[in-house]
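Written below as structure tokens is the structure these notes are about.
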Amino acid sequence: MKLYNDRNAPNPRRVRIFIAEKGLQIPTIDIDVMKEEHRTEAFTAINPLQKVPVLQLDDGTAIAETVAICRYLEETHPDPVLMGKGTIDRAKVEMWQRHVEFHLLYPVAHCLRHLHPRLAVLEKPQVAEWGEANRDKALDAVRWLDRELATRAFIAGDDFTIADITALCAVDFARFARIDIPEEVTQFKRWYTDVSSRASAAA
Ligand SMILES: N[C@@H](CCC(=O)N[C@@H](CS)C(=O)NCC(=O)O)C(=O)O
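In my numbering, the protein residues as written are 11 to 213.
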């Protein structure tokens, strides 16, 4: 098994943190998207959509999409549980994972990809107005999560889950998009301090 990775990109980091939380060791092959290494013939044969991460199993099966990779690892290595215990909890974790992916990570990514000159190589066309609009969407999501986190320790409930991993990677990526987390979101900052001090955050 091996993970096609990019050291600087948020989605591969989501998988690396998930792997670290599971206590697994999976070899990585670094693909530098800024050098367009994901557009080679060899990598396109592995993922025709030319995106990382991809987990390749020993039989050659290639699993793209961060959440699909995490689902595979959750089922093959159930402890510790990162995607919910039991039917209702699993549905809740999936709901929150999708909430933070769609309303926080994607706006951060759109903001960076449409505004940063270096990202022009990946985002064609860049639409600056869409980038700016997504800055506000990301900040709205941070304020909404701040209200939610007043009621619980982690995004989906009392336990650390994949939803926290997605949100952590979004917040750290937001720095590159110059999205400043507002001072007043104290519950969000408390959560960020907790999750970013876990050993897995260094993955
Ligand atoms: N929905 C995919 C998104 C993967 C993705 O966008 N990966 C980025 C790196 S974070 C990438 O490979 N970008 C290359 C490109 O856009 O050309 C997932 O969750 O894994």
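By construction, the Cβ of each residue, glycine as well, lies at the ideal position given by its N, Cα and C atoms.
From a predicted model like this one, the values you see are computed outputs, not experimental measurements.
Between which two residues does the alpha helix (DSSP H) carrying Gln197 extend? Thr196 to Ser206 is the extent of the alpha helix (DSSP H) around Gln197.
Do you know offhand how far Gly141's Cα is from Leu125's? Each residue's Cα considered, the two are about 6 angstroms apart.
Stretch pair the region 110–119 + the region 147–155: three plus CB contacts closer than 8 angstroms: Yes: at least three Cβ pairs fall under 8 angstroms.
Once you ignore the five residues that flank Thr176 on each side, which residues in its own chain have a CB closer than 7 angstroms to its CB? Cβ within range, chain order: Arg24, Gln107, Val110, Glu111 and Leu115.
Enclosing beta strand (DSSP E) for Asn15 [first to last residue]: Counting along the chain, Asn15 sits inside the beta strand (DSSP E) bounded by residues Lys12 to Asn15.
Please confirm whether any heavy atom of ligand 1 lies closer than 7 angstroms to the CB of Asp190. No, Cβ of Asp190 sits at least 7 angstroms from all heavy atoms of ligand 1.
My understanding is that Val103 touches Ala166, with C-beta atoms under 8 angstroms, so please give their C-beta distance in whole angstroms. Indeed they touch by this definition, with Cβ atoms about 5 angstroms apart.
Verify whether the separation of the beta carbon atoms of Phe53 and Ile41 is less than 8 angstroms. Ile41 is positioned such that its CB atom lies closer than 8 angstroms to that of Phe53.
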